[in-house]
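The working numbering puts the first residue of the sequence shown at 1, with every later residue one more than the last. We put the CB at the ideal spot given by N, CA and C, even for glycine. Only a predicted model underlies this, so the values are computations on that prediction, with no experimental measurement involved. Notes to accompany the following structure.
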Amino acid sequence: MTNKLKTYAILTLLIIGFVFLAGCAGKNSESSSPAQETSSEEIPAEKTTVSEAQSITLKGSDTVLPLAQAEAEEFMAENSGKSVTVTGGGSGVGIAALIDGEVNIAPASREMTDDEIKSAEAKGINPVETTIAYDGITVIVNPSNSVSNLTFDQLRGIYNGSISNWKEVGGADAQIAVISRDSSSGTYKDFQKDVLQGDEYRPDALTQPATGGIVTEVAQNTNAIGYIGFAYLDSSIKALSLDNGNGSVAPTEESILNGSYPLSRSLYFYTNGEPSGLTKEFNDFVTSEKGQKIVSTVGYIPLKK
């Protein structure tokens, strides 16, 4: 009987020991599992961070588009492995994309509105403005048009619909074909603010989604009038001198830089907060001496002339 009890005791101890070891093994297995999962998740996250650091996206102003593209091409040529993607669509489109967190930089040919700033702040976006170049909204006609200058009152009349014939402003007896950018354009907004001064655009104005379309229309239509960024000016069209009450001034690098041309303005990059990482690198490149030489090459006016 005593031997049987000893045998049962030994078996009981063995069973308890086995259960204890199995339990410890189970605990060790479970405690190691979260660490393994964290490790497997962290590695791709680190790769994503590195990838994002090597690529940024710009979207916005069609006026700034040729400049941003030229700057991006040169920047990437000097920085192998770093990518800068640039698309247009208009200042409003780019600013909306920045507010939605879709882009790193929103190029703009106008300042953000109070409503846009409020919308950005509501989404936790802190818009920071960097001036990258200067421009002058350039009013253009077909080279065959005899009109060479307009007062602001005449230009306002043409675009609000109160003037519809070229003979009313010293030209031929012909209907004026009025061409405008679409409402997403910063140039559209600036022109409305500075020239129309609260008036609406005439309803029969032909709108173009891109500046290049305005250039093409005016070059092909002897009775057309439009407005573009200074860098888009070429021999297929003619720039008008403008008089806002201080005498007629032609758009030139000098008159835009010194502000005597009445439709002079700044061009901007908007970022979420102060630029950092690759965004800062590109921002700094654009405002550097080399980047400002590209501004001149493209046809806009650099920050320091």
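Below 8 Å on the Cβ atoms is my contact criterion, and I expect residue i with residue j to pass it. Report the Cβ-Cβ distance as a whole number of Å.
i, j, result
"Ala224", "Val141", "7 Å"
"Arg110", "Lys189", "5 Å"
"Asn145", "Ala177", "Contact doesn't hold; Cβ gap of about 11 Å is too wide."
"Asp62", "Ser185", "7 Å"
"Pro66", "Val298", "6 Å"
Counting C-beta neighbours from all protein chains within 10 Å, is the total for residue i 16 or more, i.e. buried, or is it exposed?
i, result
"Gly229", "buried"
"Thr49", "At Thr49, the pLDDT of 37 sits below 50, so the modelled position is not reliable; the number obtained from the coordinates is stated separately. So Thr49 ends up on the exposed side."
"Val286", "buried"
"Val128", "exposed"
"Thr85", "exposed"
"Thr313", "A question about residue 313 goes unanswered here, because the residues of the chain that appear run from 1 up to 305."
"Glu164", "One detail in the question is off: residue 164 reads as Ser in this sequence, not Glu. With fewer than 16 other Cβ atoms within 10 Å, it is exposed."
"Ala68", "buried"
"Gln154", "buried"
"Lys118", "exposed"
"Pro251", "buried"
"Thr279", "buried"
"Pro275", "buried"
"Ala77", "exposed"
I need the DSSP call for residue i, collapsed to helix, strand or coil.
i, result
"Pro143", "coil"
"Ala122", "helix"
"Tyr312", "Shown here, the chain extends from 1 to 305; a query on residue 312 therefore has no answer."
"Pro313", "As shown, the chain starts at 1 and ends at 305. That puts residue 313 outside it, with no answer to give."
"Leu257", "helix"
"Gln175", "strand"
"Asn79", "coil"
"Tyr300", "coil"
"Asn160", "helix"
"Gln54", "coil"
"Thr287", "helix"
"Asp135", "strand"
"Tyr201", "coil"
"Thr252", "coil"
"Asp100", "coil"
"Thr279", "helix"
"Leu150", "strand"
Look up residue i in the DSSP assignment and give the residues it is bridged to.
i, result
"Glu74", "Beta-bridge pairing links Glu74 to no other residue."
"Asn272", "Pro127"
"Lys59", "Thr87"
"Arg181", "Gln208"
"Pro107", "Phe269"
"Ala68", "In the DSSP output, where bridge partners are listed per residue, Ala68 has none listed."
"Ala224", "Ala177"
"Lys238", "Val141"
"Asp243", "Thr151, Ser248"
How about residue i and residue j: do their beta carbons lie closer than 8 Å?
i, j, result
"Asn149", "Leu242", "yes"
"Ile99", "Lys123", "yes"
"Asp199", "Leu263", "no"
"Leu206", "Arg156", "no"
"Glu74", "Ile294", "yes"
"Pro107", "Gly92", "no"
"Gly136", "Arg265", "yes"
"Ile214", "Arg181", "yes"
Is the CB of residue i under 8 Å away from at least one CB in chain D?
i, result
"Ala205", "As a matter of chain content, chain D is missing from the structure shown, which is built from one protein chain."
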